[in-house]
Amino acid sequence: MLTQLQAVAKKGLRLSFDGIRIGSVWGTALLVLSMLFKLEWLDHQLDVGGMNHWKWMVNAGAMLIATCWLALLGPRARAIAITVLDLALTFVIFSDLIYFRYFKDFISIPVLLQAGQVSSLQDSIWSLIYPGDWWLFADIPVAIALTITLLWWMRKNSKASLYYRSKPRKKLWLKGAPALLVLAAGIILISYPVQVQKNGWASGLFVGNWWNVPIYNVTGLFGFHGYDSYRYAKEHWFGDGISKADYEDAKDWFDDRKKLQEQMESEPLYGKYAGKNIILIQAEAFQTFVIGQELGGQEITPNLNRLISQSVYFPNFYHQTGQGRTSDADFITSCSLHPLPTGSVFIRFAGNEFDCLPSILNEAGYDTTVHHAYDGSFWNRNNMYHNMEYAQFYSVKDYTIDEPIGWSLGDKSFFRQTVQQIKERGEKPFYTFAISLSSHHPFKLPTSSTKFNVGEFTGTTFGYYLQAAHYVDEAMGDLIEDLKQNGLWDDTILMFYGDHDNSLYDMKPYEKLLGRSMTDLEKAEAVRRVPFFIHLPGDDQAGTTIDKAVGQQDTAPTLLHLLGIPVKDRYMMGISMLSKAEKPVIFRNGEYTDGKVYYVPGSDGLPEHGECFSVPASEKLEPAVCKAGAEAAKKALAVSDRVVENDLIARFRKDDAEKR
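So for the sequence shown, UniProt numbering puts the first residue at 1; every next one is plus one.
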């Protein structure tokens, strides 16, 4: 009788553990299904044209690869691993969603290298999280509860655990065979659709790397991160460097651009303001649509409107930033190259050689300083500014925080203290680059600084932005008066531009402010246009408006034009905005405009699938009209990437010296 009871007990234990094993297998299957639904939901949230009909196959393949190793584990370890993997993959989806809402791009390894800056972005991050996002984590508490229950049951039934551990272990190949089969299935499910698309519309996509969104549309989210890891490893650990053909191609591109830049030296304003002081202001997230705009009978930017009427104004000036945002604007403006497709030049290549304004102006006898009331290590500024050869970097440690707003010091106090720093140096001529902060996302100012009535926009992020823009305008008015009182105004060139868009991509508030519907072209341009003007000593050229399409890349050549410093001797991609010569403005995602057409690439990156608009009529044209320009834009982006990633300017200079 006792023997029979023991047999029944053993059978019960065996069935229990068989059930646990089967349950853990089903747990893996449920994890895969759960992730597939989360990835589908993410695709709808991103609204990038959507992945094609291969997406389920690609995402399923990625999940099989991500979970194949679970087959090597026992029931206890597998249950824990499933829960941990569920949490980790969900966090990846969640993080990419929030990041995309702000940057319109995906998190890459170079971006992760900038993760130390996340603590400074807390307010912006929370404002980008919507209540509906939290459903992504709904299954996590259930998974944790089931795992804890399983572990508790196994611990409580210690005899069962002893029985299971006493069973003969499977040979490694028997345990590994299922894992290899799952891995092989995952590779096939991904490889086939990717190869089909590479043979079609995505040919060259993985070579050009001009934009991460088309890669996502081929590989899915987890596939993108896998490819990004491969790309990073290849570039930094296993790369062979640049080929001779690519090197010569890049050199030829710049030689052609130098011919265009040489024309500037015969222009009327060339060298007219040699030796004048320079103040260049980079305004945080400041966009063109607020210029000249009224709300409830109030001018949003009365001081800037008045200053623009006394300056040379460029209404079709565009920011060209990428993932590096503010640091990209700084780099593009000072060094006249494109930003990287992933990460920031300031973070990734701060030690490389570039032709930037500070070093060029140092050679011309200028005292060069940069001013930013924030931590000097943010965006790796300490190192990058040293490499750019600024004489001094004034960071937060050099300012008294007597007007705390947003991230740091309010712009009114920032400008006031910056003028005093210029006066204390007493050096002339001087070049001062000032980076403001008060209009940073999420834009909410202290009540004491919020004087502008935004009416129906009260309490909205868009309303906060309008109030922040008005505050920056007031700060600019104070700056001008301060410069006049300190005897610096009459002998100084003042330049002002916005660094990037405000990350508010819902066009409904813009249309409410304008009082009309916006065309597709206007919507595309709204997030690209930032103001730029040049005030010259004595109000020279006052009221001049230059309508041609120009961008941040043209800022340094324009300033050098006014000072009479040749650009053709440098490796810059821009040309003077004051020159009669024209070129397209190219954006990091492959968009471009030449003032006659505006091209928006499709999510697959192919010119024939993009949208081509006439400017300013906003009529849709056949994509073929923009095809040549789109290919030229890709070429320029590729050349810039080669220069930055391979430190080619140093090699160009060496070759130039050898030819002399």
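Every residue gets a Cβ at the ideal spot worked out from N, C-alpha and C, and that includes glycine.
Remember, predicted model here, so these are calculated numbers, not experimental data.
Below 7 Å, is the gap between the Cβ of residue i and the nearest heavy atom of the ligand GTP?
{"i": "L39", "result": "As presented, the structure is devoid of all ligands, the ligand GTP included, so that no description of it is given."}
Using 10 angstroms around the beta-carbon of residue i, count the other beta-carbons present and answer buried if the total reaches 16, otherwise exposed.
{"i": "N589", "result": "buried"}
{"i": "K654", "result": "exposed"}
{"i": "Q197", "result": "buried"}
{"i": "residue 661", "result": "Because the chain here runs from 1 to 660, residue 661 falls outside it and cannot be looked at."}
{"i": "K397", "result": "exposed"}
{"i": "K548", "result": "buried"}
{"i": "I190", "result": "buried"}
{"i": "Y270", "result": "buried"}
{"i": "D569", "result": "exposed"}
{"i": "I188", "result": "exposed"}
{"i": "H44", "result": "exposed"}
{"i": "E645", "result": "buried"}
{"i": "N199", "result": "exposed"}
{"i": "L46", "result": "buried"}
{"i": "Q467", "result": "buried"}
{"i": "K583", "result": "buried"}
{"i": "I435", "result": "buried"}
{"i": "W407", "result": "buried"}
{"i": "V643", "result": "buried"}
{"i": "T321", "result": "buried"}
{"i": "R516", "result": "exposed"}
With a cut-off of 8 Å on the beta carbons, I'd call residue i and residue j a contact; round off their distance for me.
{"i": "L260", "j": "A581", "result": "5 Å"}
{"i": "I98", "j": "I129", "result": "6 Å"}
{"i": "G574", "j": "D594", "result": "At roughly 14 Å, the Cβ-Cβ gap does not stay under 8 Å, so G574 and D594 are not in contact."}
{"i": "P531", "j": "F496", "result": "7 Å"}
{"i": "L85", "j": "H338", "result": "No, L85 and H338 are not in contact; Cβ-Cβ is about 38 Å, not under 8 Å."}
{"i": "D478", "j": "K412", "result": "5 Å"}
{"i": "A66", "j": "L89", "result": "7 Å"}
{"i": "A542", "j": "S311", "result": "7 Å"}
{"i": "T288", "j": "R78", "result": "About 56 Å; that fails the 8 Å criterion."}
{"i": "M387", "j": "G351", "result": "The sequence given here has Asn at residue 387, not Met. About 6 Å separates the two Cβ atoms, so the contact holds."}
{"i": "I347", "j": "P110", "result": "7 Å"}
{"i": "Y366", "j": "F430", "result": "6 Å"}
{"i": "L70", "j": "G176", "result": "The pair is not a contact, with the Cβ atoms about 12 Å apart (cut-off 8 Å)."}
{"i": "E267", "j": "L578", "result": "6 Å"}
{"i": "N382", "j": "V550", "result": "In fact, because the Cβ distance is near 31 Å, the residues do not count as touching under 8 Å."}
{"i": "P214", "j": "W54", "result": "Rounded, the Cβ-Cβ distance is 14 Å, inconsistent with contact."}
{"i": "residue 661", "j": "I144", "result": "No answer is possible for residue 661: it lies beyond the span of the chain, which begins at 1 and ends at 660."}
{"i": "A556", "j": "L357", "result": "5 Å"}
Under DSSP, the beta strand (DSSP E) around residue i begins and ends at which residues?
{"i": "Q282", "result": "277-283"}
{"i": "residue 661", "result": "With the chain covering 1 to 660 only, the question about residue 661 has no answer from this structure."}
{"i": "F613", "result": "611-614"}
{"i": "V600", "result": "597-600"}
Assuming residue i is part of the alpha helix (DSSP H), what are its boundary residues?
{"i": "Y227", "result": "212-233"}
{"i": "E658", "result": "648-659"}
{"i": "E474", "result": "461-485"}
{"i": "E248", "result": "244-262"}
{"i": "G61", "result": "55-67"}
{"i": "N305", "result": "302-309"}
{"i": "L606", "result": "Neither: L606 is in no alpha helix (DSSP H) and is coded neither H nor E."}
{"i": "D139", "result": "139-156"}
{"i": "L112", "result": "109-112"}
- prompt: Is it a yes or a no for the stretch 56-65 touching the stretch 104-113, going by three-plus beta-carbon pairs under 8 Å?
  reply: The stretch 56-65, when compared against the stretch 104-113, does not touch it at the 8 Å Cβ threshold.
**Every unbroken alpha helix (DSSP H) within the stretch 371-453, with a cutoff of 4 residues, ordered by chain** = Those alpha helix (DSSP H) runs which fall completely within the stretch 371-453 and span 4+ residues are 381-388, 411-425.
Let me know the alpha helix (DSSP H) ranges lying completely inside the stretch 495-570, each 4 residues or longer, listed in chain order.
-> Those alpha helix (DSSP H) runs which fall completely within the stretch 495-570 and span 4+ residues are 508-514, 520-526, 555-563.
### Sufficient close CB pairs (3 or more, under 8 Å) joining the stretch 465-472 to the stretch 284-301
Touching, per the Cβ criterion.
So within the stretch 323-372, which uninterrupted alpha helix (DSSP H) runs reach at least 4 residues, ignoring any that extend past its ends? For the stretch 323-372, whole alpha helix (DSSP H) runs of length 4 or above, ordered along the chain, are 325-335, 345-348, 357-363.
| query | Is it a yes or a no for the stretch 272-285 touching the stretch 493-506, going by three-plus beta-carbon pairs under 8 Å? | reply | Enough Cβ pairs lie closer than 8 Å, so yes.
Open item on the list: For the pair the stretch 265-281 and the stretch 506-526, tell me if three or more CB-CB distances fall below 8 Å.
Closed with: The stretch 265-281 vs the stretch 506-526: no contact.
Counting Cβ pairs closer than 8 Å, one from the stretch 333-344 and one from the stretch 605-624, do we hit at least three? Flag = no, the stretch 333-344 and the stretch 605-624 do not touch.
**Prompt:** Between the stretch 347-364 and the stretch 388-400, are three or more C-beta pairs nearer than 8 Å?
**Reply:** By the Cβ criterion, the stretch 347-364 is in contact with the stretch 388-400, since at least three pairs of Cβ atoms, one from each stretch, lie closer than 8 Å.
Fill in: Sufficient close CB pairs (3 or more, under 8 Å) joining the stretch 399-419 to the stretch 368-376
Under the Cβ criterion (8 Å, minimum of three pairs), the stretch 399-419 counts as touching the stretch 368-376.
Pick out the complete alpha helix (DSSP H) segments inside the stretch 63-103, 4 residues or longer, and give them in chain order. Listed in chain order, they are 75-103.
Query - Cβ pair count under 8 Å reaching 3, the stretch 514-525 against the stretch 481-494 - result: In short, these stretches do not touch, since the Cβ pair count stays below three.
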